[in-house]
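Engineer: Quick note, the numbering used here runs 322 ahead of the 1-based positions in the sequence shown. Cβ coordinates follow ideal geometry from the N, Cα and C atoms, glycine included.
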Amino acid sequence: MRVLICGVRGSTPAPGVEFARYGGHTSCIAIAHDDGPPRLVLDAGTGIRRLTGLLDGAPFQGTILLTHLHWDHLQGLPFFAAADQPGARVTLAVPAQTSAAWGDGAERTVAKMMSPPHFPIDPAGLNGDWCFVDLDEGPHRIEDLSVLALEIPHKGGRTFGYRISDGVSTIAYVPDHSPIAFGDGPDGLGTVHPAIRALVEDVDVLFHDAQHVRDEFAQLRGFGHATVEYAVDLATACDVRRLLLFHHSPGRTDLEIDAIVSAQRTGGAPQIGAAVETRTIDLRR
Ligand SMILES: [Zn+2]
Ligand SMILES: [Zn+2]
């Protein structure tokens, strides 16, 4: 399979020359089988706008899987032009919200952000054939891919991480993760709890929350995110082959991300890098 990286930022877009190299769009990656267009999209941050240009004018036909419903994972949805046109066939799946305060069905949950007076139209106003699904935890078969969905601690609304395989290669996608929810762990940055281990153990590529760094974590630990150092320790403990730091803080400049990556690189396993908008990870063998 191929993974197209469309948006790598957390929290809010980061336009500006100092962010241009890693990219300013919020979270979105798209997965294609060895040949053919992307069929499975993870998150609908503003980066999803890029996908229209990668479809050569064709309407999108596939599934959009959200990790959760925060703005930076949903705000691009009504601007995904390839999915808002005749001929589009879209399944939008969101984690089933277990609290009545958080949601009452996928379409109505999305409409809490996307409807007047916050936005001109509600989800029913999108063109094409749309289907809204509440997703439960566990194994699923989606767009001819194996998808494991497990609940991950974050903040404010139910959040899933995903493990995805085409039978040849496997990736894990955990953009928002607060591992201190299950305890501080040995260095105060959080624990390797059973759900995160099940998602990331032995994957080829892990996209993981790297919003903070250790030195700032004491002030920011209540925001619901992980540190770069936690992500590296997790990847090492779980035999991940390649870690791509993801969900970069919107204030983190290109030069700062360069420095973070070079400080973490060991030359051994896992291979460590930072996710870059517009890159494609080719896992065809
Ligand atoms: Zn986020
Ligand atoms: Zn979030």
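May I ask you to report which of helix, strand or coil DSSP gives Y344?
Structural biologist: Reduced to three states, the DSSP call for Y344 is coil.
Engineer: Which residue comes first and which comes last in the alpha helix (DSSP H) that contains E578?
Structural biologist: Where E578 is concerned, the enclosing alpha helix (DSSP H) stretches over 576-586.
Engineer: For the beta strand (DSSP E) containing F529, list its first residue and its last residue.
Structural biologist: Residues 527-531.
Engineer: Give me the Cα-Cα distance between L391 and E523, rounded to the nearest whole angstrom.
Structural biologist: Taking the straight line joining both Cα atoms gives about 26 Å.
Engineer: Give the straight-line distance between the Cα atoms of P359 and E538, rounded to the nearest whole angstrom.
Structural biologist: P359 and E538: Cα-Cα distance of roughly 40 Å.
Engineer: Return the residue from the list D509, D444, L528 that minimises the CA-CA distance to I351.
Structural biologist: The option with the nearest alpha carbon to I351 is L528.
Engineer: Exposed or buried, which one is G369 when buried takes at least 16 other CB atoms within 10 Å?
Structural biologist: Buried.
Engineer: Would you grab the beta carbon distance between V535 and V514 for me? Rounded to a whole angstrom, and I think it's under 8 Å.
Structural biologist: About 19 Å separates the two Cβ atoms, so there is no contact after all.
Engineer: Three-state secondary structure (DSSP) at L467?
Structural biologist: Residue state, collapsed to three classes: strand.
Engineer: Pick out whichever of G338, I353, A354 has its Cα sitting closest to the Cα of H347.
Structural biologist: The shortest Cα separation from H347 among G338, I353, A354 belongs to G338.
Engineer: Does the Cβ of D526 lie closer than 8 Å to at least one heavy atom of ligand 1?
Structural biologist: Flag unset: Cβ of D526 not near ligand 1.
Engineer: Considering P439, what are the terminal residues of the alpha helix (DSSP H) in which it resides?
Structural biologist: Element bounds for P439: n/a, residue is neither H nor E.
Engineer: Just to confirm, are A410 and A418 a CB contact at a threshold of 9 Å?
Structural biologist: No.
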